């Protein structure tokens, strides 16, 4: 299918979304993230990884200082600032690429943008901290609004829906209406259906299959299937073997999920393995644009 095109302009950056997949590289500065926790907690390692992802073709770097994996516990505002701000300052001073701050805390977002960040990625869609909307409006930063059922501590405790896509779309439309009413430009809004955030394996599969329903709202769509547990569970059930986030099969499964997402209208893919996904996405782009 043909993906709707959008132009996202902010500061000195401009992203053309739609004709080609936009790759967001994940850089977690946390000790406990489900896949790369503890790998990039030092400034040198984080900066090296940032250079690697940009060289591999990343269009955006997403920096996170608080794990949102299932059953994770929140960290203090100061701890999150200490983990993310030096990394963002270092990257912004050396690499000319948009930096996204993955946070639900307004102060962290504000400090990250001041340090050289450009985009707010809020898994609570501005619900966790009401001040987040003020930061977005005052700075003019684009923002990702994500659907999550519950909180990271509770979201995977028997999540259920009467109408999966209908409820996700209704929620995100309500959040869009709210932020626009409060002064945010509709041209700065990105939507994320929240793969793995209060969804079962079946929910995640249907969500990707029916993603085109979300793109019909008229906003760029970001999706983050990278190494998620639903991929591991599908493969484990199929092979009869335990599959982990670092296994080769999980990377192949991530590519399959990215392909289906892009073919169903996704604009931005949030991934760990930027090099592989970038090479892969070029073929998907060629097919979509043929």
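Residue numbers (this note's numbering): 575 to 864.
Idealized CB from N, CA, C, for every residue including glycine.
As the structure is a computational prediction, the values presented were derived from the model and not from experiment.
* Tell me whether residue 805 sits in a helix, a strand or coil according to DSSP, three-state version. => helix
* Alpha-carbon to alpha-carbon, residue 795 and residue 581 -> 13 angstroms
* Asked: Could you give the residue range of the beta strand (DSSP E) that holds residue 708?
  -> It is not in any beta strand (DSSP E) - residue 708 instead sits in the alpha helix (DSSP H) that spans 705–713.
* State the CB to CB distance for the pair residue 663 and residue 689, rounded to an integer number of angstroms; the pair is presumed to be in contact (CB under 8 angstroms). => 5 angstroms
* Asked: In the structure shown, what three-state DSSP assignment does residue 727 receive?
  -> coil
* Measure the CB-CB distance between residue 635 and residue 627 and report whether it falls below 8 angstroms. => yes
* Can you check the stretch 774–845 for any alpha helix (DSSP H) of at least 4 residues that lies completely inside it and give the ranges in chain order? => 775–783, 786–789, 803–813, 822–837
* **Euclidean distance between Cα positions of residue 608 and residue 600** => Legend: pLDDT at residue 608 = 47, less than 50; position of this residue unreliable, no value from coordinates given.
* Return the CA-CA distance between residue 862 and residue 746, expressed in angstroms with no decimal places. => 26 angstroms
* Option nearest residue 818 by Cα separation, candidates 835, 800, 833 -> 800
* With 16 other CB atoms within 10 Å as the buried threshold, where does residue 585 fall? -> exposed
* With C-beta atoms as the reference, is residue 677 less than 8 angstroms away from residue 696? -> yes
* Around the Cβ of residue 754, are there at least 16 other Cβ atoms within 10 angstroms (buried) or fewer (exposed)? -> exposed
* Asked: For residue 854, which three-state DSSP category applies?
  -> helix
* Asked: Taking all protein chains shown into account, do 16 or more other C-beta atoms lie within 10 angstroms of the C-beta of residue 797, making it buried, or fewer, making it exposed?
  -> buried
* Identify the residues that DSSP records as bridge partners of residue 588: which are they? -> 583
* Identity of the residue in 726, 772, 853 nearest residue 648 by Cα -> 726
* To do: Kindly list the residues whose CB is nearer than 7 angstroms to the CB of residue 833, restricted to its own chain and excluding five residues on each side of it in sequence; keep chain order.
  => 858
* To do: To the nearest angstrom, report how far apart residue 742 and residue 812 are at their CA atoms.
  => 29 angstroms
* Which of the three DSSP states, helix, strand or coil, is assigned to residue 631? -> coil
* Asked: Considering only C-alpha positions, which residue in the set 617, 692, 633, 632 is nearest to residue 658?
  -> 617
* Asked: Exposed or buried, what is residue 844 when buried is set at 16 or more other beta-carbons lying within 10 Å of its beta-carbon?
  -> buried
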